[in-house]
Structure formats: C-alpha cells, structure tokens
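Chemist:
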Amino acid sequence: MPAVSFQNVSKIYPSSRGDLHALKAVSFDIQSGEFFGLLGPNGAGKTTLISILAGLASATGGRVLVKGHDVQTDYQAARRALGVVPQELVFDPFFNVREALRFQSGYFGIRHNDAWIDELLAGLGLTDKASANMRQLSGGMKRRVLVAQALVHKPPVIVLDEPTAGVDVELRQTLWHFISQLNKQGSTVLLTTHYLEEAEALCNRIAMLNRGEVVALDRTSELLRRAASNVLRFKTDDTLPDDLAAMARVTGRVVQLPANDAQAVERILASVREAGVHVDDIEIRKADLEDVFIEVIEGSNSAHRAQEGISPPGRPKAETAPMGGNEDTSMPSVGANSP
Ligand SMILES: Nc1ncnc2c1ncn2[C@@H]1O[C@H](COP(=O)(O)OP(=O)(O)OP(=O)(O)O)[C@@H](O)[C@H]1O
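Quick note: the sequence shown uses this note's numbering, first residue 183, plus one each step.
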C-alpha cells in the first residue's frame, strides 16, 4: 500500500474572472520510505495539494489516501498518520516550548510523551530552549518548534511545505540531518521547496507541477540524466541575441546555457561574438536539477502557449523573469531563490 495516494485530484477556485483550475486531475503515489519532492513555480498548485492532503481544504474532485485512509471520509486516521510542518509560523504565545509539545501530544491523545519530546528537542537543537516562552524565540527557533510539533505523534508520513524558506544555513543543516535520520528509520517524507539544490540532494523521486498538472515524475537520478549534460556559464551586462536568450537561464549578470559538446560551446561563443556581447568568467559545469526544472517548465509552458495560440513572451535583458502564478508562468525564477 502506498504511503500517500493522490487519485485524480482536482481543485477549482471560483472567481469573478472565471473558475481557476488550481489542480487538474493530479494522480501519483508516494511509496513508504520514500523521500519525495514536489516542485513547481509559484502558483503551480503545491500548497493546494498539500492542504487537501492535510485535510485543510477539500478537493473539487478525486481523492487522497494516507496509509490507505481517505483524508475526507476517514480524516482522524489519515491525520494521525501525517506530520505536517506548515509554511506559516503559527503558535500559542502563552506556552513554553515543552508545554507546546505536550499540548500537541494531548491533541493526539498521547500522554507521558516526554521521552520522545526530549529526543525531538535534542534532534532539532532545542534542548536549551525547552523552558523558553514561545514569544521569546527567534523566527528560526520557532520554525524548529513547528517541526517538533508536527512530529510529536511519531507520524509515519512527514510533510514539509517549504520548511527552509528564509532560514539560515545552520537550521537547514540541523533540519535535514534530523529528517534524513527519520527517513532512514522508515518515515516517508514529502517535501515542497524552491531550493532545488536541497531537493536534488535529498529526494529519491520528484514530481514537478505546473499550472495544476504533473509535468514530470521520475527518480531524481533519471531526471538529471535526461538533462543537457553540460552547461556553459558566463557573466555579461549586455543583451543576449534572441536565439541564446530563448535557451538561457539568467540570474542577474550570470547567464547559463545548455552546451552538451564542444560544438555547442563554439556555437554559443560565435553567436555571442557576432552580437558584440562582452562576456566574463566563462566556465563549463555539469547540469543540475535547476536546469532540468527550467527545461521541463519551459517545455510545458510553450506547449500551453501553442495550445492557446499565445505568442511567446519577450525575455528581459540579463534578468530572471519573475515567478508567475497561473496568470503568468512564463519562466520560473528558481535561481533567485537558491541558497
Ligand atoms: N484560497 C484561494 N482562493 C482562490 N485562489 C487560490 C486560493 N489558494 C490558491 N489559489 C490559486 O491557486 C493557484 C495555486 O496556488 P498554490 O498556492 O497552491 O500554488 P503553489 O504552487 O503552492 O505556489 P507557491 O510556490 O507560491 O506557494 C494559484 O493560482 C493561486 O492564486
């Protein structure tokens, strides 16, 4: 039995401008013990899917099972099997850390949970904050408490929705060390993140969502194998010629282009020279998950544009276009979010 099963999940948000199809028949399974990544540009539908999984929103169609329990009709059992670390920092300001964790244990009907609470505090670097009031904690410490709160009932499936957005390197390392240990001991992990380096390092399988649809789903190693194997990277202040701009991943002055072999490198450099573009710091590196992500999302967006008869957007000069919602998913700006 899969740990999580999404079966034809759809979600429509009605709006004055017409219905917004946030999820369109999303189907995939996550097997027990997997470290699974759910990636997508802003507005792709990740949070909507996780909210439905956590029972915080209801699907318009389809169903979601956690360890075989339907999140709607068998909510209690499904919720008990899940540990959800939310994006937002919500906490009770009157409790200290240990009290907050005891209270959360009580919510799941667990008494005498201090041995596990101590393990959680130690694993997340919170031992010396056990008696600190939640109000006194820094944002990073509060986030650690949120993770501990999600895990008080030892859920077999751990869901992390952008757990490292805006947190420092130390917390990221502590968190990943701890979650990886739980995963090695058998916990299933579902992670959404914009940090593609983290997803590449941690996840054994990845689904990419775009405009509410699964546009890629494979083992991380397979996704990487599919990508262009090398990338040519350089810096420039000049505007790229159109043929290169269409393929480039641009972050500030840094331009990165797929270049599988020496001829591709020569072609790019010739095009740059011909256009009178001045380049610095040229180097060649191996393609990573961010390259795959851009390739997949761009491919899906151009298919969408072709279907709708929309002409491709112009690309700004040496600048990463903003992440779009469903309204404009012309180009994911994952580079801007990278750690
Ligand atoms: N409560 C809501 N009412 C109306 N539309 C919504 C609501 N929640 C989300 N949406 C829309 O549904 C789409 C999917 O949003 P969602 O937040 O699930 O995307 P996401 O992939 O999590 O994005 P992000 O990476 O920015 O968190 C977006 O177009 C969003 O504007």
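Note that beta-carbon positions come from the ideal geometry of N, C-alpha and C, so glycine has one too.
Keep in mind the model is a prediction, meaning the values are calculated, not measured.
For Arg497, name the three-state secondary structure that DSSP assigns.
Modeler: Low per-residue confidence applies at Arg497: pLDDT is 41, beneath 50, and the placement is therefore not dependable enough to give any value.
Chemist: Using 10 angstroms around the beta-carbon of Ala185, count the other beta-carbons present and answer buried if the total reaches 16, otherwise exposed.
Modeler: With 16 or more Cβ atoms within 10 Å of its Cβ, Ala185 is classed as buried.
Chemist: What are the boundary residues of the alpha helix (DSSP H) that Ala488 is part of?
Modeler: Run containing Ala488: Leu471 to Glu490, per the alpha helix (DSSP H) assignment.
Chemist: Using only the alpha-carbon positions, how far apart do Asp310 and Gly322 sit?
Modeler: Approximately 14 Å, taken between the alpha carbons.
Chemist: Taking Cβ to Cβ, would you say Val478 is nearer than 7 Å to Val397?
Modeler: Yes.
Chemist: Which word fits Thr255, buried or exposed, when buried means at least 16 other C-beta atoms lie within 10 angstroms of its C-beta?
Modeler: Counting Cβ neighbours within 10 Å, Thr255 comes out exposed, since fewer than 16 surround it.
Chemist: To the nearest angstrom, how far is the alpha carbon of Leu405 from that of Gly288?
Modeler: Roughly 42 Å between the two C-alpha positions.
Chemist: Where do the ends of the beta strand (DSSP E) carrying Val327 lie?
Modeler: Val327 -> not in any beta strand (DSSP E); alpha helix (DSSP H) instead, spanning Gly321 to Leu333.
Chemist: Which value, in whole angstroms, describes the spacing of the CA atoms of Gly506 and Ala297?
Modeler: In this predicted model, Gly506 has a pLDDT of only 34, less than 50, meaning its place in the structure is not dependable enough to derive any value.
Chemist: Since I believe Leu271 is in contact with Thr230 (beta carbons under 8 Å), could you give me their beta-carbon distance rounded to a whole number of angstroms?
Modeler: Not quite, the Cβ-Cβ distance comes to about 20 Å (not below 8 Å), so this is no contact.
Chemist: Cα separation between Val437 and Glu281?
Modeler: About 50 Å.
Chemist: Which residue marks the beginning of the alpha helix (DSSP H) containing Ser362, and which one marks its end?
Modeler: Start and end: Val351 to Lys366.
Chemist: Is DSSP giving Glu216 helix, strand or coil here?
Modeler: DSSP places Glu216 in coil when its eight states are reduced to three.
Chemist: Please report the residue range of the alpha helix (DSSP H) in which Ala297 lies.
Modeler: Its alpha helix (DSSP H) spans residues Asp296 to Gly305.
Chemist: Let me know if Lys193 comes out buried or exposed under the rule of 16 or more other beta-carbons within 10 Å of its beta-carbon.
Modeler: Classification for Lys193: buried.
Chemist: Quick one: give me the first and last residue of the alpha helix (DSSP H) that Thr229 is part of.
Modeler: Where Thr229 is concerned, the enclosing alpha helix (DSSP H) stretches over Lys228 to Leu235.
Chemist: Run through DSSP, which three-state label would Asp274 get?
Modeler: Three-state result, Asp274: coil.
Chemist: Between Ala430 and the rest of its own chain, which residues show a CB-CB distance below 7 Å, the 5 nearest in sequence each way excluded?
Modeler: So the qualifying residues of the chain are Leu422, Val437, Gln438 and Leu439.
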